[in-house]
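Student: So the number in the working numbering is just where the residue sits in the sequence shown, counting from 1, plus 756.
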Amino acid sequence: MQEFVSFGLHVALIRQLAWLPRGYDLVPAGTVVTSAKLRSIMLSLEEANGPAVLVRLGRHLAAKEQAPILTMLRHVATPGMIADRWRRLEGYSHARARSDYQVTGKSMTFHRGVVRGQPPARVENLLLHGFLIGLLEAVGADFIDSTILPSHGPAVSVMRNGRLSEKFKFNGRGLRFRITWKSFEPVSSSYPFMANMPGTAPSISAQRPIVQQLCTILEQDIGRSWTIDDVAAALDTSGRTLQRRLQYANSRFSDLLRLVRVREACRLLCGTTLSVGEIGFWCGFTDNAHFSRDFRRLASMPPSVYREASYGHAGLTRA
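(1) How would you call residue 828, buried or exposed, if buried means at least 16 neighbouring beta carbons within 10 angstroms?
(2) Please go through the same chain and pick out, in chain order, the residues whose beta-carbon is closer than 6 Å to the beta-carbon of residue 1007, but skip the five residues on each side of it.
(3) Compare the beta carbon distance of residue 765 and residue 882 with 8 Å and say whether it is the shorter of the two.
(4) Taking all protein chains shown into account, do 16 or more other C-beta atoms lie within 10 angstroms of the C-beta of residue 937, making it buried, or fewer, making it exposed?
(5) Count the other CB atoms within 10 Å of the CB of residue 915; is the residue buried (16 or more) or exposed (fewer)?
(6) Leaving aside the five residues before and after residue 840 along the sequence, list all residues of the same chain whose C-beta is less than 6 Å from its C-beta, in chain order.
(7) With DSSP run on the structure shown, which of helix, strand or coil describes residue 855?
(8) Going by CA-CA distance only, name the one from 838, 877 and 820 that's closest to residue 807.
(9) For residue 697, which residues in the same chain have their Cβ closer than 6 Å to its Cβ, ignoring the five residues on either side in sequence?
(10) Only counting runs of 4 or more residues, tell me where the alpha helix (DSSP H) segments fall wholly within the region 1004-1065, in order along the chain.
(11) How far does the alpha helix (DSSP H) with residue 986 in it extend, from its first residue to its last?
(12) Just verifying my parser: in three-state terms, what is the DSSP assignment at residue 1072?
(13) With distance defined between alpha-carbon atoms, name the residue in 885, 1053 and 1003 nearest to residue 1015.
(14) Using the beta-carbon count (16 or more within 10 Å), is residue 886 buried or exposed?
(15) If residue 900 and residue 930 are in contact, beta carbons under 8 Å, what's the gap, nearest whole angstrom?
(16) Would you mind working out which of 1039, 1027 and 1045 sits nearest residue 1062, comparing C-alpha positions?
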């Protein structure tokens, strides 16, 4: 359950245990919550209360908590972006389980797979099932239905019209499940992280107008899996035309995307207390290695060294 231990999600999850009878008894003071320990806690919960408690716990975690990583997952997101960001988080946290997904219309189907070792445990899949429901609700999906799709036998209803079934039962791991919604009204949100921009950050001010326009669009959702066709649509042109205009400006889309992400990382490193890992994920990098490599290329130093050098510039002090 590495993805739920990374970036402080386990701390938020433990806080949610307070809403359960004797929930705090599962995590004595001073307990170091590893991936294995978290799985053990979830097993105890299911054994005592049934599978619905894990779906409810994941749902509350996604909808109620204000941890930075959750802000990142929810920011100006659509259902498809939620699924894409979660899969990227699995890779970023080196989780042994990975999720394939398909979004069609008002339906999202998840299939949990494995990179190494055993398939993800039943409790992990139940927790994620609820977590995705909570994320979808937080970004504007309503009247949600969800079902577990066993390899054998009929589908098992988990939620119907936004109401969780408290007594559903099923055999197996719950590796496949489908979530549908009847309506989606995006929840507007302002940019969640404000920070100073240090003078040493890579500049785009001297670039041609088409480059500045493109970068402005990318900056609106820095962690999105952007393609040149996405940006072209926002500029009311075609991907081929945009590519040709960038060539005239001696620029490439991939280079500009990297530049914008590193600039945003500079802002967050010097003006917030987010961890380096959280910043790399927020800025759209696939893992810390790619983040460090691209950052070094443009800022001439690793992210951690850049943060050290920025404390005096931003007027910050160490906690």
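Here a beta-carbon is modelled for each residue, glycine too, at the ideal position from N, C-alpha and C.
Tutor: Reading off the structure:
(1) buried
(2) 967
(3) no
(4) buried
(5) buried
(6) 981
(7) strand
(8) 877
(9) This structure cannot settle anything about residue 697, because the visible part of the chain is limited to 757 through 1075.
(10) 1009-1027, 1032-1038 and 1044-1055
(11) 984-990
(12) With a pLDDT of 41 at residue 1072, under the threshold of 50, the predicted position of this residue should be treated as unreliable, and no value is reported.
(13) 1053
(14) buried
(15) The Cβ separation is near 17 Å, so there is no contact.
(16) 1027
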